[in-house]
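Let me begin by presenting the structure, written as structure tokens, before commenting on it.
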Ligand SMILES: Cc1cc2nc3c(=O)[nH]c(=O)nc-3n(C[C@H](O)[C@H](O)[C@H](O)COP(=O)(O)OP(=O)(O)OC[C@H]3O[C@@H](n4cnc5c(N)ncnc54)[C@H](O)[C@@H]3O)c2cc1C
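Numbering (the working numbering), first residue to last: 161 to 560.
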């Protein structure tokens, strides 16, 4: 039975009170804007301790079963927590690939042994997960991945390279898509999915610097890396189906995530309030009709996105194209956010060209950094162009 409004309101007050007592003080160093940019041990330690604390309070994995470290509660409770954490500008949950897609995947397709082995450590933050899908020559065309996994007794031997691997240099485990049968007639049938250990000989993660100047993702090299055969998930040659399910979680098409608080929430109101102090041609920026026009456009899109999110929760309102809204919300939401943050940088005039480490940069270069950082969201988990293709073909039924 759905939770009553009063019960959830009382719970929200409980979370707010907890946050008042427990919200961490400013650590005095730059925190990442999202889980994609955890680039230093200092950030990692801070975020790991914070995730652990939130989990210990019972506010993480609220609808995951209690036997695996969750609370066995209605998903509405997690929504309340996520909203409250965002409202209080709490630091993000960093172990997103575990909390957001590996965890729900294991709950849906994993064995009891796999659930018992991994889930609780995902929630507590003790074990970090990364995702080994993309390769230097195979990103959007994921079905063509070439990293090889060859069975040798009780082990598989892995050779190849993955790239753009978020958290790869810190991770304990990787969800790994690798080719076990290069001769399969359909390329998809030659793929298998592993819950692969990372802290074993033959794995090298090399951090890659981003356009923001930060780190967060890596190129990972596997050289005769031996992993236990029982890390194979579902079965040999069945990896494509598992990978597609994973992408449903990553793209927000399937629910089950332990938390939604993965990135610093930056709303249109933040932007409008922040820009009030800026001038253009000697007058406040918002006196310029062209600026007002653009701002109102962004506000209207923000409203449409938020109403669409609410509509997604009412199946009767999405019966014509049930997958349409979840699929399009990643595309539209990330593209909108990119434009909104660019607007924040552009409205500063010449000051908008100053970056994070410049003492004269407005708010420490906040909008500039947020803008560059946002490109990751429009690319990771499927680029905007690929998302548009999927919507065109699978939702609107247009020809390829
Ligand atoms: C911040 C960040 C974090 C990431 N983290 C991870 C991670 O943890 N693990 C992981 O496995 N991957 C990760 N990725 C990789 C990401 O999934 C890929 O970058 C993405 O799938 C695109 O692949 P690609 O980079 O090879 O680009 P390509 O596939 O080479 O695409 C290049 C360009 O061509 C366009 N294009 C390609 N195919 C089509 C088509 N059919 N129709 C129209 N246009 C097309 C694309 O839109 C893009 O503009 C991350 C990426 C980023 C930016």
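The C-beta atom is built at its ideal place from N, Cα and C for all residues, glycine as well.
For residue i, count neighbouring C-beta atoms within 10 Å of its own C-beta (all shown protein chains included) and say buried if the count is 16 or more, exposed if not.
i: residue 180; result: exposed
i: residue 345; result: exposed
i: residue 366; result: exposed
i: residue 290; result: buried
i: residue 395; result: exposed
i: residue 436; result: exposed
i: residue 371; result: exposed
i: residue 463; result: exposed
i: residue 410; result: buried
i: residue 222; result: buried
i: residue 242; result: buried
i: residue 408; result: buried
i: residue 296; result: exposed
i: residue 325; result: buried
i: residue 471; result: exposed
i: residue 227; result: exposed
Pick from the options: whose alpha carbon is nearest that of residue i?
i: residue 368; options: 362, 376 and 230; result: 376
i: residue 500; options: 531, 320 and 400; result: 531
i: residue 235; options: 266, 498, 415 and 523; result: 415
i: residue 264; options: 297, 224 and 287; result: 224
i: residue 417; options: 267, 507, 493 and 331; result: 267
i: residue 527; options: 497, 270 and 553; result: 497
i: residue 313; options: 386, 220 and 400; result: 386
i: residue 455; options: 478, 467, 249 and 429; result: 429
i: residue 278; options: 550, 258 and 493; result: 258
i: residue 190; options: 219, 373, 292 and 211; result: 373
i: residue 308; options: 343, 446 and 276; result: 343
Can you give the Cα-Cα distance for residue i and residue j, rounded to whole angstroms?
i: residue 450; j: residue 262; result: 45 Å
i: residue 565; j: residue 425; result: Since the first residue shown for the chain is 161 and the last is 560, residue 565 is missing from the structure and cannot be characterised.
i: residue 475; j: residue 469; result: 12 Å
i: residue 487; j: residue 555; result: 9 Å
i: residue 511; j: residue 230; result: 47 Å
i: residue 238; j: residue 420; result: 8 Å
i: residue 517; j: residue 505; result: 15 Å
i: residue 390; j: residue 315; result: 8 Å
i: residue 524; j: residue 514; result: 9 Å
So does residue i have its beta carbon nearer than 8 Å to some heavy atom of ligand 3?
i: residue 528; result: Absence of ligand 3 from the depicted structure is noted, with ligand 1 being the only ligands included.
Suppose only complete runs of 3+ residues qualify. What are the beta strand (DSSP E) ranges in the segment 275-352, listed by chain order? Counting only runs of 3 or more, we get 289-292, 308-312, 315-323 and 333-339.
Please list the segments of the alpha helix (DSSP H) lying wholly inside the segment 403-473, counting only runs of 4 or more residues, in order along the chain. 428-435 and 449-472
Quick check for students: name the residue ranges of the alpha helix (DSSP H) that lie wholly in the segment 215-285, counting only runs of 4 or more. 235-247, 263-269 and 272-284
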